[in-house]
Amino acid sequence: MTGPMPEGGYFVTPNTIVMSFRTTTLLLLSLPLVAVAQKRQPIIDVHLHAMTADAQGPPPLGMCTPIAEFPHWDPSVPYVEVFMAMFKEPPCKDPVWSPMTDQELMEQTLSAMEKLNIIGVVSGDLDRVKAWQKVLPERIIPALDLHIDEHAPRPEQVGELFKQGDIAVLGELLTQYRGILPTDERLAPYWAMAEELDIPVSIHLGPGPPGVIYLGAGQYRARMHSALTMEEVLVKYPKLRVNVMHAGFPMLDDLLAVLYAHPQVYVDVGVIVYTQPRPAFYRYLQAIMDHGFGKRVMFGTDQMVWPGVIERAVQVIEEAPFLSPEQKRDIFYNNAARFLRLSPEEIERHHKL
Ligand SMILES: [Zn+2]
Numbered sequence: 017m018t019g020p021m022p023e024g025g026y027f028v029t030p031n032t033i034v035m036s037f038r039t040t041t042l043l044l045l046s047l048p049l050v051a052v053a054q055k056r057q058p059i060i061d062v063h064l065h066a067m068t069a070d071a072q073g074p075p076p077l078g079m080c081t082p083i084a085e086f087p088h089w090d091p092s093v094p095y096v097e098v099f100m101a102m103f104k105e106p107p108c109k110d111p112v113w114s115p116m117t118d119q120e121l122m123e124q125t126l127s128a129m130e131k132l133n134i135i136g137v138v139s140g141d142l143d144r145v146k147a148w149q150k151v152l153p154e155r156i157i158p159a160l161d162l163h164i165d166e167h168a169p170r171p172e173q174v175g176e177l178f179k180q181g182d183i184a185v186l187g188e189l190l191t192q193y194r195g196i197l198p199t200d201e202r203l204a205p206y207w208a209m210a211e212e213l214d215i216p217v218s219i220h221l222g223p224g225p226p227g228v229i230y231l232g233a234g235q236y237r238a239r240m241h242s243a244l245t246m247e248e249v250l251v252k253y254p255k256l257r258v259n260v261m262h263a264g265f266p267m268l269d270d271l272l273a274v275l276y277a278h279p280q281v282y283v284d285v286g287v288i289v290y291t292q293p294r295p296a297f298y299r300y301l302q303a304i305m306d307h308g309f310g311k312r313v314m315f316g317t318d319q320m321v322w323p324g325v326i327e328r329a330v331q332v333i334e335e336a337p338f339l340s341p342e343q344k345r346d347i348f349y350n351n352a353a354r355f356l357r358l359s360p361e362e363i364e365r366h367h368k369l
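Each number in the working numbering corresponds to the 1-based position in the sequence shown with 16 added.
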């Protein structure tokens, strides 16, 4: 890693452990040594973004984890005022504040990845993803965000990027924000291309910012949270590998039906893992596990402009009382490795990082 990256103390390297022995031997010996020396197992975060610091509004923005109460709006005032107040005066005692600059956002995200031993599928504008990848190449799997609009790269251009190794995943597909269903004919050539070239695809199906319809995404619809909106695409392109981002929250029955009927579908827990109050998130995740779909849940954060949520999201999974250690490893790593079809060599490399 190069550049002005994180301060020491974030990293438990053999050197820092030796230093600790020298300086604080007595204190350290009273702690469980194994816990200090043991390296974290690798985690794959399939839902990271490389964005600008002002992508979600003028920084700093304070994110509560969880958001204990979602906004209540009296339409006599513009909703944007209610919404922004939630981030400018966050109603919790320990919000995660977003950094002020693009550079800090990158550094803090990459430093969280190093600290927690995360390999990330990082999506965004391709130039930005590449810039981040240059700093931490061994931990970044590049991906391309896609809106369907006049700026969208054509399917064959996306295919070229994949063939050249510039991207490994297509997504986040952000079509829901514009009211474009997965079955929309404008998406058909992308599905066909992804199936033909065997590109894993991640699509946003679930919550955007609360009340986003009244923040400008006038075509967004709540019913589009449903994983069932993907069904005809799954049938038409049966070799597609699909990650339902945000796990189609909160439309649990729809998701369970899709997971049952379409065994190739995976989900990630992006955003809901840290924004939902724990009882709500745990109920949702536990239902997926209880129904026997524990091999298809992937860890994802969707940190956006809040690198500090990554560690909190890891903690939410680690502290889930209903998950066995094996289920946690599946969610943190094994399921994503299978979905992404990582080679044995790649998996071994991740375990040596
Ligand atoms: Zn999303």
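Each residue gets a CB set at the ideal place from its N, CA and C atoms; glycine is no exception.
- Placement of the Cβ of H262 at a distance of less than 7 Å from at least one heavy atom of ligand 1 is found.
- Beta bridge pairing from DSSP links S218 with N259.
- Annotated as proximal: I333 and F315, with beta-carbon spacing under 8 Å.
- Pairwise C-beta distances place the region 102–120 in contact with the region 74–82, as three or more of them are shorter than 8 Å.
- Taking non-hydrogen atoms of ligand 1 into account, the C-beta of H220 is found less than 7 Å away from one of them.
- Looking at the backbone, the Cα of V228 and that of G234 are separated by about 8 Å.
- The region 258–270 makes contact with the region 237–247, as at least three CB pairs between them are under 8 Å.
- By the criterion of at least three beta-carbon pairs nearer than 8 Å, the region 206–218 is not in contact with the region 78–97.
- Proximity of the beta carbon of G286 to ligand 1 is indicated: a heavy atom of the ligand is located closer than 7 Å.
- For the 8 Å CB-CB criterion, V260 and I219 form a contact.
- In this model, M67 and Q319 are separated by some 10 Å (Cα to Cα).
- If you draw a straight line from the Cα of P279 to the Cα of K252, it comes to about 15 Å.
- The closest CA to that of E335, considering only R357, Y298, T317, D346, is found on Y298.
- When rounded, the separation of the alpha-carbon atoms in G308 and W148 is 37 Å.
- Look at D269 here: in three-state DSSP terms it is helix.
- The residue among V138, A69, I156 with its C-alpha nearest the C-alpha of D118 is A69.
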